[in-house]
Amino acid sequence: MIDIRTFMLVLAIGNIGFAMLMGGYARAGADTPALRLWRWAKLVQGCGHLLGWLRPAYDSTWLAVAANTLLVLGVMMEVAAYCSFFGFARWGRVLYPACALALLLYHGARFGGASPNHLMAMMSAMFAALSGTMAYLLLRQRDASLLQRIVGGNDLLFFIAMCLRGYSGMSDAGAAVFTTSAVQSFVYLTGYLLMIVNSFGFLLLCKERCDATLARLASCDSLTGLANRYAFFEQTEKARLLALRQRQPVALMMLDIDYFKRLNDRYGHAAGDDALCAFARTAAATLREHDILGRLGGEEFALLLPATDREGAMQAAERLRMAVEQTPIAFDGQTVVLTVSIGLVMVRAAEPISAALARADHALYLAKSAGRNRVEQDDDSTRRLA
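Residue numbers in the sequence shown follow numbering that gives the first Met the number 0, run continuously in steps of one, and reach 385 at the last position.
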């Protein structure tokens, strides 16, 4: 059996140390509201454990009240940090009043003469509710990362430990906080594991999100959310090689919003940005999930259609052209109809995407020359006619 008081000191030093570590991490420029909450949660829990360690030496009721209050507040702040991290800020309307009410009931029972084992059961119930909430927040998503599932599983394990301690407090009249037993040993071991895994885990979750954001910024156009030029070439080259292995046709288009400069000059660049975003939304709603649309720059876009023959590509291009024309945009109280010109080619076997894009650009030039708001193809016959 482990010495409970010594374990409290270990938890106090560990939580305060993690709070300092997170403070140093935040100074590097990675601070967020969720991380600030988590940092304060660790500090408050560390102080609570420290007061709990001092409690037997001074045998003070008020020291016990302060220790238990800080511990509950610290775990509550962890839950609040998860709510902030996952975007459930409105949960605070329930979380804070519920914790305040639970603490009032607990301290009311203490000063009302409740037995130590009943007090332990009440405290265990509060910790179980809070750790169960954390487990739910982490495990509720089907697409949760492995790291998220590990941290959530650890919270679930602590929830089980708290339920066992609560049951022990209700069924064993001699149970108390500093009573040494198998259940108490299990509780404090899982608590130690919780401190290690959750503290490092939350930092890693923040870093995981930061890395995902950086990867998205590196591959996405910041205005439209489409693939940028680099990401488009990378994705389309993979799709081209896959189609080549599977002997499937691949269509490629160059698209250009008509009279875009005139739109910018008349309504301003903000209107031009709105037009680009509107086009991207319309295209995303019209195309298939595995089609690859990217913004190459300005008002020029490129679109790759895997496993699509010429007839299917022409139908898709006409469908997209009409969808754009039928989606008017309002600027300064006026309705503006956008149109798009499209150049279409079929990617030849072993032809690089850059070479196919050059042909699609020629087809786009033909569409512009023929009056805009149309689809033109570029192959050997059309090139000779041009």
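The beta carbon of each residue, even a glycine, is placed where N, CA and C say it ideally should be.
- Among the bridge pairs identified by DSSP, Phe185 is matched with none.
- Membership of Glu350 in any beta strand (DSSP E) is not indicated, and neither H nor E is assigned to it by DSSP.
- For a cut-off of 8 Å, the C-beta gap from Leu146 to Glu207 is around 6 Å, short enough to register as a contact.
- If you check the CB distance, Leu222 and Asp290 do not come in under 8 Å.
- Between Phe158 and Ala143, the CB-CB gap reaches or exceeds 8 Å.
- Apart from the 5 residues on each side of it in sequence, Cys98 sits with its Cβ closer than 6 Å to the Cβ of Met75 in its chain, given in chain order.
- For Glu288, the three-state secondary structure derived from DSSP is coil.
- Assigned with DSSP and collapsed to three states, Asp255 falls in strand.
- In the DSSP assignment, the residues bridged to Gly342 are Met253 and Glu375.
- Within the DSSP secondary-structure output, Pro32 pairs in no beta bridge.
- In the DSSP assignment, Gln147 falls within the alpha helix (DSSP H) that extends over Leu145 to Ser170.
- For the set Pro351, Gln325, Val346 and Ala348, the Cα lying nearest the Cα of Val339 is the one of Gln325.
- If you draw a straight line from the Cα of Leu129 to the Cα of Ala217, it is about 38 Å long.
- Taking a C-beta distance under 8 Å as the contact criterion, Leu343 and Val323 do not qualify as a contact pair.
- Taken through DSSP and simplified to helix, strand or coil, Gly47 comes out as helix.
- Runs of the beta strand (DSSP E) lying entirely within the stretch 272–331 and spanning at least 3 residues, in chain order: 291–296, 299–305 and 328–330.
- Cβ neighbours of Thr132 within its own chain (closer than 6 Å, five residues either side excluded): Val78.
- The alpha helix (DSSP H) runs of length 4 or more contained entirely in the stretch 87–122 are, from start to end of the chain, 91–110.
- The C-beta of Leu213 has fewer than 16 other C-beta atoms within 10 Å across all chains shown, which makes the residue exposed.
- Annotation for Val335: the continuous beta strand (DSSP E) segment containing it runs Gln333 to Val335.
- Look at Ala369 here: in three-state DSSP terms it is coil, with no helix or strand label.
- Its Cα nearest to that of Cys82, the residue Phe201 stands out among Phe201, Arg228, Phe126 and Asp220.
- Approximately 6 Å separates the beta-carbon atoms of Leu225 and Gly293; this is inside 8 Å, confirming the contact.
- For the 8 Å CB-CB criterion, Met119 and Arg54 do not form a contact.
- Taking C-beta atoms as the reference points, Val64 and His117 fail to come closer than 8 Å.
- Under the DSSP assignment, Gly23 falls in the alpha helix (DSSP H) whose first and last residues are Ile3 to Tyr24.
- When rounded, the separation of the alpha-carbon atoms in Phe6 and Asp30 is 30 Å.
- For Thr189, the closest C-alpha among the options Gln376, Ile3 and Gly16 is that of Ile3.
- For the pair Cys205 and Arg246, the Cα-to-Cα distance works out to about 43 Å.
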